[in-house]
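Q:
In UniProt numbering, the protein residues as written are 1 to 323.
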């Protein structure tokens with residue numbers, strides 16, 4: 001493999017590279033004032049509403065990815081990722097044999113060569129799609145119960161919703177339990193169920209990570225492959241940003257598709273938009289991410305991006321969770 005690293009090394013590093021690469025890209029776009037026509041919400045929202053600072057989130061994510069990468073490296077050494085063997089199901093050689101037998105083509109003909117590549121690409125895409133469906137189902141139901149069960153929201157998921165106005169670096173800013181059960185286990189199980197090779201895992205982990213980070217960005221860039229994909233699925237940047245608003249908190253739980261949200265009647269059907277002035281006018285619109293004493297978990301409720309010491313009684317903070 002490139003740079004003297006094994007396939008297992010690249011599998012372990014791919015989530016962190018994809019995460020920070022995508023987050024830094026959108027941070028640069030924001031800082032340089034690029035593509036203002038594609039901004040989906042006001043630029044001054046974050047400093048008014050979020051209950052934790054960017055520096056705290058960045059440190060959290062560095063630790064999260066350091067631990068995750070280390071565990072994947074150890075796991076890769078103990079059980080190296082599988083590699084597709086020549087002639088095994090789904091390889092170019094396998095499709096060439098199938099095509100020759102089915103259509104009586106010469107094995108070295110150009111038709112066999114081109115159709116083998118086409119079928120190979122379709123096969124790989126179908127496997128990525130199957131893994132994505134599994135992951136999205138896993139994440140949806142974890143996310144759904146985190147919002148439907150007050151204890152889970154209060155103790156675990158409220159950490160993520162300290163970011164009322166999300167930003168890319170905070171895409172996976174979660175309670176450790178949520179990071180393990182929803183994020184890490186979901187991706188690993190998806191790759192195991194589909195029996196992905198190491199190369200497929202690199203692609204899968206990178207793409208789902210980049211999509212998650214982009215969903216927390218304040219931009220919807222029309223040329224982004226994930227925005228183009230969302231034109232078919234409906235689960236784009238705006239879709240998830242709505243979920244982070246108090247008026248959208250109980251809706252739009254899915255990340256990659258929308259079929260479970262439609263089935264469970266949890267798609268947002270209101271008329272509010274991300275640019276509504278009303279949503280930025282008061283501290284009571286803050287996320288419901290408080291401990292039982294009504295203060296943000298990390299103690300930043302009075303500093304940085306958290307605002308000027310805003311406090312809300314816990315009973316009031318849990319209203320949307322119990323509805």
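Positions of the beta carbon are idealized from the N, C-alpha and C atoms, including for glycine. For clarity, every value in this text was computed on a predicted model and none was experimentally measured.
Which word fits residue 114, buried or exposed, when buried means at least 16 other C-beta atoms lie within 10 angstroms of its C-beta?
A: Here residue 114 refers to the residue found at position 114 of the chain shown. By the neighbour-count rule (16 or more Cβ atoms within 10 Å), residue 114 is not buried but exposed.
Q: Can you give me the C-alpha to C-alpha distance between residue 275 and residue 157, rounded to a whole angstrom?
A: Working through the chain shown from its first residue, we reach residue 275 at position 275. Working through the chain shown from its first residue, we reach residue 157 at position 157. Cα-Cα distance, rounded: 25 Å.
Q: With DSSP run on the structure shown, which of helix, strand or coil describes residue 39?
A: Along the chain shown, read from residue 1 onward, the residue named residue 39 stands at position 39. Strand, per DSSP.
Q: Quick test of your reading: residue 31 and residue 209, contact by CB under 8 Å. State the CB separation rounded to the nearest angstrom.
A: The residue given as residue 31 occupies position 31 in the chain shown. The residue given as residue 209 occupies position 209 in the chain shown. Not a contact, Cβ separation roughly 22 Å.
Q: Determine the closest residue to residue 39 out of 49, 247, 241, with distance taken between C-alpha atoms.
A: Here residue 39 is taken as the residue at index 39 of the chain shown, counted from 1. Nearest of 49, 247, 241 to residue 39, Cα basis: 241.
Q: I'd like the span of the alpha helix (DSSP H) that includes residue 15, first residue to last.
A: As a position in the chain shown, residue 15 is number 15, starting the count at 1. Where residue 15 is concerned, the enclosing alpha helix (DSSP H) stretches over 7-31.
Q: Could you work out which residue in 49, 238, 84, 20 is closest to residue 60 when comparing CA atoms only?
A: As a working note, residue 60 is residue 60 in the chain shown. Residue 20 is the option with its Cα nearest to residue 60.
Q: So what does residue 219 bridge to, in DSSP terms?
A: Along the chain shown, one-based indexing puts residue 219 at 219. Per DSSP, 39.
Q: Compare the Cα-Cα distances from residue 162 to each of 8, 100, 249, 105 and report the closest residue.
A: Counting from 1 along the chain shown, the entry for residue 162 is found at position 162. Minimum Cα distance to residue 162 is reached at 249.
Q: For residue 49, name the three-state secondary structure that DSSP assigns.
A: Within the chain shown, the letter at position 49 stands for residue 49. In this structure, residue 49 counts as helix in the three-state DSSP scheme.
Q: Quick one: any contact between the segment 21-28 and the segment 71-87, if contact means 3 or more CB pairs under 8 Å?
A: no
Q: Nearest by alpha-carbon distance to residue 116: which of 127, 87, 128, 147 is it?
A: The residue given as residue 116 occupies position 116 in the chain shown. For the set 127, 87, 128, 147, the Cα lying nearest the Cα of residue 116 is the one of 87.
Q: Taking the CB atoms as reference points, tell me whether residue 253 and residue 147 lie closer together than 9 Å.
A: As a first step, residue 253 is located in the chain shown; it is residue number 253 there, counting from the start. As a first step, residue 147 is located in the chain shown; it is residue number 147 there, counting from the start. Closer than 9 Å, so yes.
Q: Under a three-way DSSP split, which group does residue 214 fall into?
A: By one-based count along the chain shown, residue 214 stands at place 214. In the structure shown, residue 214 sits in a helix (DSSP, three-state: H, G or I).
Q: Would you mind working out which of 183, 84, 264, 28 sits nearest residue 132, comparing C-alpha positions?
A: Taking the first residue of the chain shown as 1, we reach residue 132 at position 132. For the residues 183, 84, 264, 28, the minimum Cα distance to residue 132 belongs to 183.
Q: Considering just the uninterrupted stretch of the alpha helix (DSSP H) at residue 105, what are its terminal residues?
A: Taking the first residue of the chain shown as position 1, residue 105 is located at position 105. Per DSSP, residue 105 belongs to no alpha helix (DSSP H) and is neither H nor E.
Q: Starting from residue 118, follow the alpha helix (DSSP H) in both directions and report where the run begins and ends.
A: Walking along the chain shown from the start, residue 118 turns up at place 118. Segment 110-148, the alpha helix (DSSP H) holding residue 118.
Q: Report the residue from 262, 5, 203 whose alpha carbon sits nearest the alpha carbon of residue 125.
A: Here the question's residue 125 lines up with position 125 in the chain shown. Measuring from the Cα of residue 125, the nearest candidate turns out to be 203.
Q: Looking only at its own chain, which residues have a Cβ that is under 8 Å from the Cβ of residue 11, when we skip the five neighbours before and after it?
A: Here residue 11 corresponds to residue number 11 of the chain shown, with the count starting at 1. Hits under 8 Å: 72, 76, 81, 198, 201, 202, 205.
Q: Over what stretch of residues does the alpha helix (DSSP H) that includes residue 182 continue unbroken?
A: On the chain shown, position 182 is the one that residue 182 refers to. Premise fails: residue 182 is in no alpha helix (DSSP H) and is neither H nor E.
Q: Under a Cβ-count criterion, where at least 16 other Cβ atoms within 10 Å of its own Cβ denotes burial, should residue 129 be classed as buried or exposed?
A: As a first step, residue 129 is located in the chain shown; it is residue number 129 there, counting from the start. Label assigned to residue 129: exposed.
Q: For residue 57, tell me which candidate among 177, 171, 83, 100 has the shortest Cα-Cα distance.
A: By 1-based counting over the chain shown, the position of residue 57 is 57. Residue 57 has its Cα closest to that of 171, out of 177, 171, 83, 100.
Q: Which term fits residue 245, buried or exposed, when burial requires 16 or more other beta carbons within 10 angstroms of its beta carbon?
A: One-based indexing of the chain shown puts residue 245 at position 245. Counting Cβ neighbours within 10 Å, residue 245 comes out buried, since at least 16 surround it.
Q: Using CA atoms only, rank isn't needed, just tell me which of 89, 141, 181, 91 is closest to residue 263.
A: On the chain shown, position 263 is the one that residue 263 refers to. It is 141 whose Cα lies nearest to the Cα of residue 263.
Q: Between the Cα of residue 50 and those of 159, 27, 193, spot the shortest distance and give me the residue it belongs to.
A: One-based indexing of the chain shown puts residue 50 at position 50. Ranking the options by Cα distance to residue 50, first place goes to 159.
Q: Helix or strand or just coil, what does DSSP make of residue 175?
A: Start at 1 with the first residue of the chain shown, and residue 175 comes out as number 175. Residue state, collapsed to three classes: coil.
Q: Run through DSSP, which three-state label would residue 167 get?
A: Counting from one through the chain shown, the residue named residue 167 turns up at place 167. Residue 167: coil per DSSP, three-state reduction.
Q: Nearer than 8 Å: is that true of the beta carbon of residue 80 relative to any heavy atom of the ligand FMN?
A: The ligand FMN is absent from the structure shown, which contains no ligands of any kind.
Q: For the putative contact between residue 83 and residue 99, defined by C-beta atoms under 8 Å, what is the C-beta separation to the nearest angstrom?
A: Against the chain shown, residue 83 aligns to sequence position 83. Against the chain shown, residue 99 aligns to sequence position 99. Actually they are not in contact, since the Cβ atoms of residue 83 and residue 99 sit about 24 Å apart, beyond 8 Å.
Q: At which residues does the alpha helix (DSSP H) containing residue 228 begin and terminate?
A: On the chain shown, residue 228 is found 228 positions in, with the first residue counted as 1. That run of the alpha helix (DSSP H) goes 225-233.
Q: Taking residue 344 as the reference, give the member of 255, 177, 270, 180 with the closest Cα.
A: For residue 344 there is no data in the structure shown, the boundaries of the chain being 1 and 323.
Q: Select from 265, 35, 215 the residue whose C-alpha is nearest the C-alpha of residue 251.
A: Numbered from its first residue, the chain shown carries residue 251 at position 251. Nearest of 265, 35, 215 to residue 251, Cα basis: 265.
Q: Just the C-alpha distance for residue 179 and residue 79, rounded to the nearest angstrom, thanks.
A: Translated into positions along the chain shown, residue 179 becomes position 179. Translated into positions along the chain shown, residue 79 becomes position 79. If you take the alpha carbons of residue 179 and residue 79, they lie about 22 Å apart.
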